[in-house]
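Trainee:
Numbering (our numbering), first residue to last: 23 to 433.
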């Protein structure tokens with residue numbers, strides 16, 4: 023049995039469980055899918071335009087451009103600003119592979135930048151040292167559902183003439199000082215991979231922008247650079263979101279804020295449980311930076327002292343799903359070996375790769391399952407259970423108070 027996907031009826035605790043969400047929406051999704059099938063407009067039907075408009079509005083952006091995946095969204099964004107051979111693009115090394123591979127595919131060079139150890143996002147204080155004479159863009163990743171320090175990154179973009187492309191694949195609905203992920207950079211990229219906070223029934227992606235010219239260029243590039251039909255203005259790619267995926271996502275988008283609040287409630291309850299068990303002696307819990315809305319795509323703890331892998335095995339043996347995001351930083355990947363000579367030290371990136379562990383945080387996670395996760399961790403460390411038992415009720419009202427506010431002086 024795969025504990026990452028086990029059903030609600032299992033004694034296991036899955037890292038995520040898509041079945042629970044889809045069961046609740048089955049009738050709505052079935053009706054939306056059948057409407058597409060009956061129309062036979064499987065590619066760029068009206069469902070796609072509806073999704074583009076709604077995601078753009080939700081993200082406080084003027085334009086949405088749907089595409090086939092979050093990886094394609096990154097590629098299209100770089101193509102739209104004419105990134106190519108001889109160009110450098112600043113990216114974090116502690117992120118999903120696509121952030122850097124999109125740069126590499128265009129013949130450009132990813133320049134890896136270290137992270138803030140509290141948020142795991144690109145550290146603006148490291149940007150200046152990483153800028154090269156060939157640098158044309160920077161891709162801040164809003165990792166795990168929390169926005170990067172966008173004011174500082176946008177300022178760096180202005181100072182060094184860099185296009186700012188937000189990688190918001192894990193962060194739809196996240197906020198930075200009241201501004202939504204997807205509204206701050208020149209372009210922004212979202213993923214609708216099934217395990218994302220807004221996930222489809224397959225792959226899908228979206229770009230948002232406030233620039234009408236960029237939006238038109240992105241639409242041209244996603245369809246082979248063709249306009250009008252069979253007349254190609256530029257060499258683009260084939261990256262079309264199909265109408266079936268758009269239909270599913272249109273059903274799910276109105277539920278997104280409620281799901282996000284459930285994730286936030288689970289994060290708050292984890293902190294209560296870990297504190298009650300005295301586990302903050304052994305784990306570093308997630309930090310929410312000031313003026314952020316964290317959307318908790320992942321709940322990631324740090325396990326110091328070289329015990330992360332042993333803890334993960336302990337949890338796996340008890341059928342508790344976990345994941346390591348990410349075990350090997352991008353600058354150490356074999357495919358980027360040619361860049362190692364020009365990559366500076368990235369100590370926080372490498373420490374995060376050694377210490378971080380993601381625990382279940384999906385919206386439908388039950389209190390008894392969270393209890394099981396925390397008790398198993400307490401057993402591993404030999405921590406005493408709190409007097410009166412370990413269970414803490416799930417809050418009936420999910421207040422907007424954040425988890426573990428970071429203090430500016432800790433930067």
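Backbone N, C-alpha and C fix where the C-beta goes; we use that ideal spot for every residue, glycine too.
Would you decide whether residue 335 is buried or exposed? Buried here means 16 or more other CB atoms lie within 10 Å of its CB.
Mentor: With fewer than 16 Cβ atoms within 10 Å of its Cβ, residue 335 is classed as exposed.
Trainee: Can you check DSSP and say which residues form a bridge with residue 202?
Mentor: DSSP, once it has assigned bridges, lists 197 as partnering residue 202.
Trainee: Suppose you measure from the CA of residue 313 to the CA of residue 243; what does that come to, to the nearest Å?
Mentor: Distance between the alpha carbons of residue 313 and residue 243 is about 36 angstroms.
Trainee: Can you tell which of 188, 171, 295, 117 has its C-alpha closest to the C-alpha of residue 378?
Mentor: Residue 378 has its Cα closest to that of 117, out of 188, 171, 295, 117.
Trainee: Can you check the segment 261-339 for any beta strand (DSSP E) of at least 3 residues that lies completely inside it and give the ranges in chain order?
Mentor: Within the segment 261-339, the complete beta strand (DSSP E) runs of at least 3 residues are 321-325.
Trainee: Residue 111 and residue 144 - do their beta-carbons sit closer together than 8 angstroms?
Mentor: Cβ distance not < 8 angstroms, so residue 144 and residue 111 don't count as in contact.
Trainee: Excluding sequence positions up to five away, which residues of its chain have a Cβ less than 6 angstroms from the Cβ of residue 125?
Mentor: 111, 132.
Trainee: Where do the ends of the alpha helix (DSSP H) carrying residue 114 lie?
Mentor: Here residue 114 belongs to no alpha helix (DSSP H); instead the beta strand (DSSP E) covers 110-114.
Trainee: So for residue 412, helix, strand or coil by DSSP?
Mentor: Note that residue 412 has pLDDT 49, beneath the 50 cutoff, so the model's placement of it is unreliable and the number below is only indicative. Looking at residue 412 - three-state DSSP - the assignment turns out to be coil, as it is neither helix nor strand.
Trainee: Measuring CB to CB, does residue 226 end up less than 8 angstroms from residue 271?
Mentor: Yes, the Cβ-Cβ distance between residue 226 and residue 271 is below 8 angstroms.
Trainee: Start and end of the alpha helix (DSSP H) containing residue 372?
Mentor: Per DSSP, residue 372 belongs to the alpha helix (DSSP H) from 369-377.
Trainee: Going by Cα to Cα distance, which pick from 200, 153, 204, 191 is closest to residue 179?
Mentor: For the residues 200, 153, 204, 191, the minimum Cα distance to residue 179 belongs to 153.
Trainee: Would you list the residues sitting across from residue 185 in a DSSP beta bridge?
Mentor: Residue 185 is bridged to 159.
Trainee: Verify whether the separation of the beta carbon atoms of residue 59 and residue 263 is less than 8 angstroms.
Mentor: Cβ distance not < 8 angstroms, so residue 59 and residue 263 don't count as in contact.
Trainee: Any contact of the segment 234-242 with the segment 47-65, i.e. 3+ C-beta pairs under 8 angstroms?
Mentor: Output reads no: the segment 47-65 does not touch the segment 234-242.
Trainee: So, are the CB atoms of residue 310 and residue 147 less than 8 angstroms apart?
Mentor: Not in contact: residue 310 and residue 147 (Cβ atoms no closer than 8 angstroms).
Trainee: From the DSSP output, in three-state form, read off residue 128 for me.
Mentor: Coil.
Trainee: Quick one: does the C-beta of residue 312 sit closer than 7 angstroms to a heavy atom of the ligand SAH?
Mentor: Summarising the ligand content, the structure contains no ligands, and the ligand SAH is consequently not present.
Trainee: Starting from the C-beta of residue 289, find all residues in its chain whose C-beta is less than 8 angstroms away, skip the five residues before and the five after it, and write them out in chain order.
Mentor: 308, 316, 318, 321, 383, 425.
Trainee: Roughly how many angstroms lie between the CA atoms of residue 299 and residue 137, to the nearest whole one?
Mentor: Going by the C-alpha atoms only, they are around 30 angstroms apart.
Trainee: Helix, strand or coil for residue 403? Go by DSSP, reduced to three states.
Mentor: Residue state, collapsed to three classes: helix.
Trainee: If you compare alpha carbons, which of 134, 61, 79, 405 is closest to residue 18?
Mentor: Shown here, the chain extends from 23 to 433; a query on residue 18 therefore has no answer.
Trainee: Can you round the beta-carbon distance between residue 269 and residue 54 to whole angstroms, since I take them to be within the 8 angstroms contact cut?
Mentor: Yes, they are in contact, since the Cβ atoms of residue 269 and residue 54 sit about 4 angstroms apart, within 8 angstroms.
Trainee: Alpha carbon to alpha carbon, how far is residue 35 from residue 381? Give it in angstroms, no decimals.
Mentor: If I take the Cα positions, the gap works out to 10 angstroms.
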